[in-house]
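The sequence shown runs -30 to -1, 1 to 467 under mature numbering (1 follows the signal peptide of the UniProt record, and there is no 0).
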Amino acid sequence: MRVSPHRRALAVATATALALTGLGTAAGYAADEPPSTPVPIDTPDGALFSYVVNTERPGAAPTALAARAVERADGVVVQAWPQIGVVVAHSANGSFRADVVAADRHHVVESVGATRTVSPTEGTPGAEAPGGVRPGKAVTGRATKQDAGTVDGPSRSAADPDPGEVTQWDMAMIKADQAIEIDPGSSDVVVGVLDSGIDASHPDLADQVDPRRSVNCSDGGRPDRSATGWLPTTSDHGTHVAGTIAAARNGVGIVGVAPGVRLASVKVVNDDGFIYPEYAVCGFVWAGLQRMDVTNNSYYVDPFMYWCEDQPDQAAAKEAVRRAVEFSTRRGAVHAAAAGNAATDLANNTADSSSPNDSTPVQRVINSGCEDIPAELDGVVTTSSVTQTGALSSFSNRGLGVIDVAAPGSSILSTTLDGTWGLKSGTSMASPHVAGVLALLKSAHPRWSPARLEAAVRAQADDHECTTASGPVCVGTPADNGYYGDGVVDALEAVTR
């Protein structure tokens, strides 16, 4: 994702420092901006809460030392990620954050923060009995749902066209229907779908999912590799996303942007529909460990729509996710992400009334250090949504210098649970089109780095001038504006250039 010159200047201009559980951290906003509205997370004694503890540098030694500090502060290590220097911990100690710093005898802890405003509904993973807990081992190796019903797909032979293809206006718009005639993508390319799970029994997905690379991260942020853990339980969102990326061309249902590539189900959504920071951290690190080529991220990390760097808890959680994204990028993954469905200009955003969404939202002032993650993190291709006419979808976020590319996201037909197909709308539906195009690019250019893939998908996008319809002002030029970024993605160019 490109950071707008305005937001970059604001971030660089800051000289403010904030005390964070006894530590110092940059506030991340300009001196002429107001601080964000504090949202204290109350952690009374006896109530279980989830935390991230970030070390000053990655590695086995500092991570192990931080884990010892967690235990001395009456915490339980749920998961340790030495690759990025992050420990996920649970504790019912009300002063856990300060006590971890006090117990850090080797001064390796950089920041500590609660990841949610309520107690974990999953309890503490690894708990064997009350008072007995088995800590997690170090591993070394929200989106709009506007369903319009489901469409039962008739069974066809593989020789027949997929019956849903003729209605897939979205594939025609980005020229994916032409692209797959040249190159449907390589089975060596793996796309990680960080979402609510993929229904691998669906006829359009049964041959597409790689169970060996699939994982469930919603159990406190601890990777669960069980055979069924990564399957969907309460949501078809991930299944719909997966179909857009790589539904098979098999004479049944629909066809994805890159039907020749493989999918990995990386479940980061719990049964209540939340994607907490520790889940996202697990998902991105797992994608890196498994050497996935592309990830799709059709969500924002809960419980804050915007995570503010001048708020101690939010800053620590945001840093943990940032490190995880950076790690997976270094390991070869390029990331597509939904821009969000709040119809907001992310380049000039000063207010939020939806957070925290796991307890009681408050009206808060935000500044340039408050970002939608992972969409606004570096190294992420941020995607807005367009309609069949090419207009920006009414729900889509926008922002000059924030939006990288656009893709179809209104009334998209894709796979749903129990072998059916259905329509959904949202930037959640736009992002997987981009993930599919990135997968085609990776197939055509297997040696390209994530940075080169990101640059290519933007350079190959079809320029789109600002729309003239009434509504928010579209800022920029046809080559680069706040609605479409560098343009609407082009799958055909991905396989021919």
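Ideal Cβ positions, reconstructed from N, Cα and C, are used throughout, including at glycine.
{"Query": "Selection from Tyr(-2), Ser398, Val291 and Glu151 that minimises the alpha carbon distance to Trp51", "Result": "Val291"}
{"Query": "In DSSP terms, what Leu393 is bridged to", "Result": "Leu383"}
{"Query": "As assigned by DSSP and simplified to three states, the class of His403", "Result": "helix"}
{"Query": "Beta-carbon proximity check, Thr203 vs Asp241, cutoff 8 Å", "Result": "yes"}
{"Query": "Same chain, Cβ closer than 6 Å to Glu424, neighbours up to 5 away in sequence not counted", "Result": "Val304 and Val351"}
{"Query": "Buried or exposed by the 16-neighbour rule on C-beta atoms within 10 Å, applied to Glu346", "Result": "buried"}
{"Query": "Neighbourhood of Ala414 by C-beta, 7 Å cutoff - its chain only, sequence neighbours within 5 removed", "Result": "Asp153, Ala464 and Val465"}
{"Query": "Length of the line joining the Cα atoms of Thr25 and Ser81", "Result": "7 Å"}
{"Query": "Cα-Cα separation between Leu408 and Val427, rounded to whole angstroms", "Result": "7 Å"}
{"Query": "Rounded straight-line distance, which links the Cα of Asp12 to that of Pro326", "Result": "13 Å"}
{"Query": "Contact set for Asp322: own chain, Cβ-Cβ below 6 Å, skip 5 residues either direction", "Result": "Met275, Tyr276, Arg334 and Ile336"}
{"Query": "Backbone secondary structure at Pro347 - three-state DSSP", "Result": "For the record, residue 347 in the displayed sequence is Leu; it is not Pro. In the structure shown, Leu347 sits in coil (DSSP, three-state: anything other than H, G, I, E or B)."}
{"Query": "Cα-Cα separation, Pro378 to Ile343", "Result": "21 Å"}
{"Query": "Beta-carbon proximity list for Pro8, same chain, < 7 Å, skipping 5 on both sides", "Result": "Gln281"}
{"Query": "Enclosing beta strand (DSSP E) for Ala306 [first to last residue]", "Result": "Val304 to Ala308"}
{"Query": "Reduced DSSP category for His210 - H, G, I as helix; E, B as strand; rest coil", "Result": "helix"}
{"Query": "Beta-carbon spacing of Asn319, Val161 below 8 Å", "Result": "no"}
{"Query": "Reference Asp169; option with closest CA among Ala429, Gly389, Pro448 and Cys444", "Result": "Gly389"}
{"Query": "Environment of Arg417 [buried if 16+ CB atoms lie within 10 Å]", "Result": "exposed"}
{"Query": "Environment of Glu289 [buried if 16+ CB atoms lie within 10 Å]", "Result": "buried"}
{"Query": "N- and C-terminal bounds of the beta strand (DSSP E) containing Gln358", "Result": "Taken as a continuous stretch (DSSP letters only), Gln358 belongs to no beta strand (DSSP E), as it is neither H nor E."}
{"Query": "Boundaries of the beta strand (DSSP E) in which Gln284 is found, first to last residue", "Result": "Counting along the chain, Gln284 falls outside any beta strand (DSSP E), though it belongs to the alpha helix (DSSP H) covering Pro282 to Arg300."}
{"Query": "Identity of the residues DSSP links to Ala59 by a beta bridge", "Result": "Tyr21 and Val47"}
{"Query": "Same chain, Cβ closer than 8 Å to Glu135, five either side skipped, listed in chain order", "Result": "Met141, Asp147, Ile224 and Val225"}
{"Query": "Opposing strand residues paired with Cys278 [DSSP bridges]", "Result": "Cys340"}
{"Query": "Val238 and Asp165 closer than 8 Å at C-beta", "Result": "yes"}
{"Query": "CB contact check: Cys187 to chain D, cutoff 8 Å", "Result": "Protein chains in the displayed structure number just one, and chain D is not present."}
{"Query": "For Val332, the first and last residue of its enclosing beta strand (DSSP E)", "Result": "Val332 to Val335"}
{"Query": "Sequence-distant residues of the same chain with beta carbon closer than 7 Å to Gly111, five excluded per side", "Result": "Reliability of the predicted coordinates at Gly111 is poor, the pLDDT of 39 falling under 50, and no value is obtained from them."}
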